[in-house]
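One structure below.
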Amino acid sequence: MGNPERDGAPAETAASIHEFYTASSWIEGAATEQLRQVANLPGVRQIAAFPDLHPGTFGPIGCAVLSERLYPQLIGNDIGCGMSLFALDLPRSKLRLDRAAQKLRVLESAWSGNAAGYLAEAGLPSDAFSEAIGSIGGGNHFCELQVIEEITDDAASGHDLAPQTLLLFVHSGSRGFGTHVFRSVVERFADGLEQGSTAANRYLDDHDRAVAWASLNRRIIALRAAVALRADIRTVVDSPHNVVERQGDLFLHRKGAAVATTPLVPLAGSRDSLSFLLKPTGCKPEALASLSHGSGRKYDRKSMLGRVGSTRSDRERLLRTSFGGRVICDDRQLLIEEAPDAYKNSAHVCDDLVSHGLATCVASLQPLITFKKATEPEGTESWKRQRKDHGRKWR
DNA sequence: ATGTTC
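Residue numbers (the numbering used here): 10 to 404.
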């Protein structure tokens, strides 16, 4: 389990790595190799690795890294990316699945709301990537309608959560904002930024704005979905997982690792498996106040193209779930890359965290409608025109 | 992941 605690040890000594998974967990060798590489970066003191660990572009996803130096590449381009959970005041008996799925297609169009006003309210420049506010983006991002399947801890009642409560679960990030911040710093500072330096402070300021932008984005996405479903929402938890924070003279980086200082932390399954709501115990300092953010990828996107969805009938299968749920994803490649088979078993990930004493499971959440991407309109020709006009702005 | 391939 890595090296013992040390203080002012020479740079050639690797940081300690605490792994919160078991021999039966699906952990790729490439991911643990990346962990070792991060442990050998100058100034890295301690690493917590979680059961959703998998290889990433700049380092492993599913870990927290405590370091003397600031490494923007450990956070990546999607600064502030996270999961937000909202409770809907809509009774499940009123929900018509196919009708609701059709209504959620509105999420694909540009948001016509007061982006500037919301941005200003969040302390952000009113023109900061305002065109993209309320948009989900690509990759693993989604907006999912869920229902609470089971309550497994009394903590749920304190949050007014009960079986059959409908939820909106939004996974999205800072879109072009975070990418812009990341590009402005990463090529020039491969060896990380020194604590207290102008570059570090500038990055942290920009980072904090991207985190606020991403959080607002998730809230607007949920508001749009709630309006489409003619319901009100309240926030249950806002849980970022690509963030860095100051801890004294050190930097605590989280990459695909949820901040575990909130009362509840959501753990995303796939669109055809349960998500979970966790209550962090906070009793293991070596976990660096972090938890898994989801089930984690099992197979990379490219290899998924050879695994599923080669026939039309198999792609049609991917638009329905074993829970009787619906998937809105008109993009064939995205449908395949994000197939449920691409992900680890979320229940196993949850069990690993619970058995390591990091969390208790409060609720299991069943997916009903997963919105990914719509290219087919929601039924009116005006939708097509709106898209066309939006695209023209960039010509 | 990405105003992605404007």
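We put the beta carbon where it would ideally sit given N, CA and C, even for glycine. From a predicted model like this one, the values you see are computed outputs, not experimental measurements.
Return the chain-ordered list of same chain residues with a C-beta closer than 6 Å to the C-beta of residue i, the five sequence neighbours on each side being excluded.
| i | result |
| --- | --- |
| residue 310 | 346 |
| residue 28 | 58 |
| residue 55 | 24, 25, 75 |
| residue 269 | 289, 298, 299, 300 |
| residue 305 | 61, 63, 71, 353 |
| residue 93 | 179, 227, 247 |
| residue 35 | 307, 353 |
| residue 294 | none |
| residue 11 | A caution first: residue 11 carries a pLDDT of 45, below 50, which makes its placement in the model unreliable, though a value can still be read off. These residues qualify, in order along the chain: 25, 26. |
| residue 338 | 344, 381, 382 |
| residue 253 | 84, 260, 262 |
| residue 328 | 336 |
Applying the 10 Å Cβ sphere with the 16-neighbour rule, what's the burial state of residue i?
| i | result |
| --- | --- |
| residue 214 | exposed |
| residue 292 | exposed |
| residue 105 | exposed |
| residue 196 | exposed |
| residue 48 | buried |
| residue 32 | exposed |
| residue 174 | buried |
| residue 326 | exposed |
| residue 361 | buried |
| residue 417 | Residue 417 is absent from the structure shown; the chain starts at 10 and stops at 404. |
| residue 335 | buried |
| residue 82 | buried |
| residue 183 | buried |
| residue 318 | buried |
| residue 375 | buried |
What are the boundary residues of the beta strand (DSSP E) that includes residue i?
| i | result |
| --- | --- |
| residue 289 | 284 to 289 |
| residue 263 | 259 to 264 |
| residue 255 | 251 to 256 |
| residue 158 | 151 to 160 |
| residue 368 | 368 to 382 |
| residue 28 | 25 to 28 |
| residue 76 | 70 to 76 |
Which residues bound the alpha helix (DSSP H) around residue i?
| i | result |
| --- | --- |
| residue 188 | 184 to 195 |
| residue 311 | 310 to 313 |
| residue 45 | 38 to 48 |
| residue 145 | From DSSP, residue 145 is part of no alpha helix (DSSP H); its letter is neither H nor E. |
| residue 128 | 124 to 130 |
| residue 35 | From DSSP, residue 35 is part of no alpha helix (DSSP H); its letter is neither H nor E. |
| residue 210 | 207 to 237 |
| residue 108 | 106 to 113 |
Just list the residues that DSSP pairs residue i with in beta bridges.
| i | result |
| --- | --- |
| residue 91 | 181, 249 |
| residue 352 | 306 |
| residue 299 | 268 |
| residue 274 | 287 |
| residue 243 | 96 |
| residue 55 | 25, 75 |
| residue 176 | 96, 155 |
| residue 202 | 79 |
| residue 168 | Partner(s): none; residue 168 has no beta bridge. |
| residue 63 | 70 |
Go through its chain and collect everything with a Cβ distance to residue i's Cβ below 7 Å, but skip five positions before and after it.
| i | result |
| --- | --- |
| residue 190 | 88, 215, 216, 219 |
| residue 370 | 161, 162, 285, 287, 359, 363 |
| residue 149 | 180, 347 |
| residue 331 | 281 |
| residue 154 | 109, 175, 177, 377, 378 |
| residue 416 | Outside the displayed span of the chain (10 to 404) sits residue 416, for which this structure offers no information. |
| residue 401 | At residue 401, the pLDDT of 33 sits below 50, so the modelled position is not reliable; the number obtained from the coordinates is stated separately. Answer for residue 401: no residue qualifies. |
| residue 278 | 284, 304, 355 |
| residue 186 | 137, 138, 219, 222 |
| residue 271 | 246, 248 |
| residue 44 | 26, 56, 58, 69, 72 |
| residue 101 | 156, 173, 175 |
| residue 98 | 240, 241 |
Excluding the 5 residues preceding and the 5 following residue i in the sequence, name in chain order all residues of the same chain whose CB lies nearer than 8 Å to its CB.
| i | result |
| --- | --- |
| residue 225 | 127, 128, 131, 133, 142 |
| residue 212 | 79, 81, 190, 194, 202 |
- [ ] Scan the segment 318 to 347 and note each continuous beta strand (DSSP E) run of 3 residues or more that stays entirely inside, going in chain order.
- [x] Counting whole runs of 3 or more residues, the segment 318 to 347 contains the beta strand (DSSP E) stretches 335 to 338.
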